[in-house]
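Q: Residue numbers (this note's numbering): 464 to 770. For each residue, glycine too, the CB sits at the ideal point set by N, CA and C.
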């Protein structure tokens, strides 16, 4: 039953919890009494179908209500503009413009077209919860299917063992000469209870794609705020060297995005966020730090210098 006042991820979590509770309560009894009629497989299929019919419309409602397809396209465009701005493709344009134009292009329209950093961060938390709950349910369902097949295999091996003992008793009772022809034991074939791909996986893949694109843009926009602020330096005690907070701020943004990506439990989103963080730190941050060093009058070291 839909509750319009609750967020979509809360409604999905209630459906998953109800399905898990039902399976844990009823599956052992059904597997014990109705395994000969494939009741264990049937109850798993029945509950999964009910979950699919309830959760997939919630996924579609969430994607359409948040307009994630439009936001993802806008995020991709803004990310490209921000990356070009700091990597160097728009370097000649930025260097020839005055300060007003530079301030106007600060976030390339991120706040106006997508939202503030806090609002987008909250939206990404919500999307991550939707992915996390779905992945947890899929893992539980996969484990349940394996346990059902494991119980079936144990019963199959027990039946084969009883047949073997019955043949041995008959051999000893009738004599070796009149022993019947030994039957070849049939190996157990696992039952395909659920298909390898289902509608929930498709919905998770769609949401994960939108989430990865928006999260990548949020990461670069968070780093852009650090780039646009005035650099602050802290003098270390012994070495008299200067330490800037720019790197710490960018590393914090990258760590937050990476941890949220891993928390989803979705392999595609986690791997994509890992690549995005590495590319952003190794490309954009390194380029900005190099320019800051050159603007401060520090010449770029040649190979062999400074050793």
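Looking at the unbroken alpha helix (DSSP H) that takes in residue 685, where does it start and where does it end?
A: Segment 662 to 691, the alpha helix (DSSP H) holding residue 685.
Q: What is the DSSP secondary structure of residue 468, counted as helix, strand or coil?
A: Looking at residue 468 - three-state DSSP - the assignment turns out to be coil, as it is neither helix nor strand.
Q: Using CA atoms only, rank isn't needed, just tell me which of 747, 481 and 494 is closest to residue 513.
A: Looking at the Cα atoms, 481 is the closest of the given residues.
Q: Would DSSP call residue 729 helix, strand or coil?
A: It is coil, neither helix nor strand.
Q: Going by alpha carbons, who is nearest to residue 515 out of 477, 663, 736 and 658?
A: Minimum Cα distance to residue 515 is reached at 663.
Q: Helix, strand or coil: how does DSSP classify residue 656 here?
A: DSSP places residue 656 in coil when its eight states are reduced to three.
Q: Let me know the secondary structure DSSP gives residue 708 once reduced to three states.
A: Correct three-state label for residue 708: coil.
Q: Taking all protein chains shown into account, do 16 or more other C-beta atoms lie within 10 angstroms of the C-beta of residue 558, making it buried, or fewer, making it exposed?
A: Low local confidence applies: a pLDDT of 47 at residue 558 is under 50, so the model's placement there is unreliable, with the coordinate-based value given in what follows. So residue 558 counts as exposed.
Q: So, for residue 538: in the same chain, excluding its five sequence neighbours on each side, which residues have a beta-carbon less than 6 angstroms away from its beta-carbon?
A: Result list for residue 538: 676, 677 and 680, in chain order.
Q: Report yes or no: do the segment 469 to 483 and the segment 621 to 632 share at least 3 C-beta pairs separated by less than 8 angstroms?
A: Output reads no: the segment 621 to 632 does not touch the segment 469 to 483.
Q: For residue 660, count the other beta carbons within 10 Å of its own beta carbon; 16 or more makes it buried, fewer makes it exposed. Which is it?
A: So residue 660 ends up on the exposed side.
Q: Any contact of the segment 533 to 548 with the segment 604 to 621, i.e. 3+ C-beta pairs under 8 angstroms?
A: Taking 8 angstroms as the limit for Cβ pairs, the verdict is that the segment 604 to 621 does not touch the segment 533 to 548.
Q: Is it buried or exposed, residue 742, if we count other Cβ atoms within 10 angstroms and call 16 or more buried?
A: By the 10 Å Cβ count, residue 742 comes out exposed.
Q: By DSSP, does residue 722 sit in helix, in strand, or in coil?
A: Of the three classes helix, strand and coil, the one that applies to residue 722 here is helix, per DSSP.
Q: In chain order, what residues of the same chain have a beta carbon less than 8 angstroms from the beta carbon of residue 751, not counting five sequence neighbours either side?
A: Closer than 8 angstroms at the Cβ level, and outside the excluded window around residue 751, lie 549, 690 and 709.
Q: In whole angstroms, what is the alpha-carbon distance linking residue 582 and residue 686?
A: Rounded to whole angstroms, residue 582 to residue 686 spans 16 angstroms at the Cα level.
Q: Three or more beta-carbon pairs under 8 angstroms between the segment 592 to 606 and the segment 710 to 723, yes or no?
A: Verdict: no, contact absent.
Q: Assuming residue 732 and residue 671 form a contact by the criterion Cβ under 8 angstroms, report the distance between their Cβ atoms to the nearest whole angstrom.
A: Indeed they touch by this definition, with Cβ atoms about 4 angstroms apart.
Q: Using 8 angstroms for Cβ pairs, my map puts residue 744 next to residue 720. What's the rounded Cβ distance?
A: Actually they do not touch by this definition, with Cβ atoms about 11 angstroms apart.
Q: Classify residue 586: buried if its beta carbon has 16 or more other beta carbons within 10 angstroms, exposed otherwise.
A: It is buried - the Cβ of residue 586 has at least 16 other Cβ atoms within 10 Å.
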